[in-house]
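J.: Could you have a look at this structure, given as structure tokens, before my questions?
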Amino acid sequence: MAIQAKERIELTETEKKVFDRLLSTVRHFNLQTQPRVAGGWVRDKLIGKECHDIDIALDNMLGSEFVAKVKEYLSFVGEEEDAKGIGVIVIQSNPKQSKHLETATMRLFGLSIDFVNLRAIRFGARFDFILDEELKKAAADDDVKKDLVNKISRERIGTEIDLMISGNQPVKAIEYICDLTLFWDVFKFNINLPLNVDPRLCAAYLDATWRLINGGCCFEFDDDEPRRLALYSALFLPLRNATYKDRKGRNIPAVNYILRDSLKRKACDADTVINIHKSLEKFLSLIPSLLSIEGRDQVVDTSKLRVLTGLLLREIKDFWRVALLMSTLLYDPTDDDITNRHFLQLDKRKDLFVSVENAVVKLGLDNVWD
């Protein structure tokens, strides 16, 4: 069932009182910060749910410092009882990372208020919201990008990306990241290697894969794990041939660095995506033969094809359908403008996938690795 979002947020009297005191604190002490309401409270309000926890993002001061000012202000205006009722719990972050990663919690007028960081992209994509132009402008600022790279933990960024990829609007989330010109800041690559890849190309492959999956391309993609790894494979498909040299002089796929170091994902995620990418050239070379298998008269040709295909499937095992899906996107391109959604002719790609899948099954190769 689709979630209906409200056009306006309606505040309770208590919420009005809380926001008034927070803004009054800023004005009274002339604080050079701008509190912004974020997170689950905004989401719940927009979809009509009650929420008693409020997340506040601060521009340039610690949550604990701001809470202390709120308490001081309440005492100043004669609301000592409310000031006495404020308890502060501070969860410290790594001091080398962003001060916005510190979480300070307080209670005011019966509501719990957390001062934490903003997750606008994921929530915007999830609930099909439009990002405010001011937010886009702020997020694309060079100083913000610098802080994203140097102060926010890669684990936190990786977790957010994984939630986006696993969510109901992964394409929109990545397109937001492209719109904010944050793609190479999020998918950071520290090695001195020029990646001359347009982020929109990555988004286009992701979009095509998402459409094919949701178009009933294969029941295997109903499961979360194959779908998630298929989307990562598609997102980084333009980088499949990019490598860098490690300290021992070995060529390492760039995707390995992005998934393991930049996003701090599991080693098996990186290994699976890399193995899928490595299998694509072999899969592409076999597709013409697999498509014509019905018309073959010579048993030896079919036997040889079965051996070659079986060896390939033993390399990628359960993820051979993911590799096949990626191969269908690369097979027989007829146009350079892949960012044009009409270019891939997805109906034909789906038919291609089904035909090759049926040929593999007909050869008796599904689960050949068991």
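Note that the sequence shown covers residues 1 to 370 in UniProt numbering. Even for Gly, the Cβ is constructed at its ideal location relative to N, Cα and C. Here the structure is a predicted model, which is why all the values come from computation and not from measurement.
1. Thinking C-alpha only, which one of GLU155, ASN196, TRP210 is nearest ALA173?
2. With a CB to CB cut of under 6 Å and the five nearest residues on each side skipped, what residues in its chain are close to VAL354?
3. For the alpha helix (DSSP H) that contains LYS172, what are its first and last residues?
4. Relative to the C-alpha of VAL197, which candidate in ALA242, ASN190, MET164 has its C-alpha closest?
5. Please go through the same chain and pick out, in chain order, the residues whose beta-carbon is closer than 8 Å to the beta-carbon of LEU31, but skip the five residues on each side of it.
6. Along the chain, where does the beta strand (DSSP E) containing PRO253 start, and where does it finish?
7. Distance, Cα to Cα, ARG265 vs ARG27?
8. May I have the straight-line CA-CA distance separating GLY216 from GLN169, to the nearest angstrom?
9. Closest Cβ-Cβ distance between ALA57 and chain D: below 8 Å?
10. What residue ranges within the region 307–366 form continuous alpha helix (DSSP H) runs of no fewer than 4 residues, ordered along the chain?
11. Spatial neighbours of ILE276 within its chain, please: CB distance less than 7 Å, with the 5 preceding and 5 following residues excluded, ordered by chain position.
12. With distances taken from CA atoms, which of ASP55, LEU259, LYS6 is nearest VAL18?
13. Can you grab the Cα-Cα spacing for the pair GLU225 / VAL273, in whole Å?
14. If you draw a straight line from the alpha carbon of ARG36 to that of VAL77, how long is it in whole angstroms?
15. If you reduce the DSSP assignment to three classes, tell me which class THR12 lands in.
16. What does DSSP give as the partner residue(s) for PHE107 in the beta ladder?
T.: Concretely, from the data shown:
1. TRP210
2. Excluding residues within five positions, none has a Cβ falling inside 6 Å.
3. Under the DSSP assignment, LYS172 falls in the alpha helix (DSSP H) whose first and last residues are 170–179.
4. ALA242
5. THR25, MET61, PHE66, LYS69
6. 251–253
7. 43 Å
8. Approximately 17 Å, taken between the alpha carbons.
9. The structure shown contains no chain D; it is built from a single protein chain.
10. 320–330, 346–362
11. SER233, ILE316, PHE319, VAL322, ALA323, MET326
12. ASP55
13. Cα-Cα distance, rounded: 12 Å.
14. 23 Å
15. In the structure shown, THR12 sits in coil (DSSP, three-state: anything other than H, G, I, E or B).
16. According to the sequence shown, residue 107 is Arg rather than Phe. Answer is SER112.
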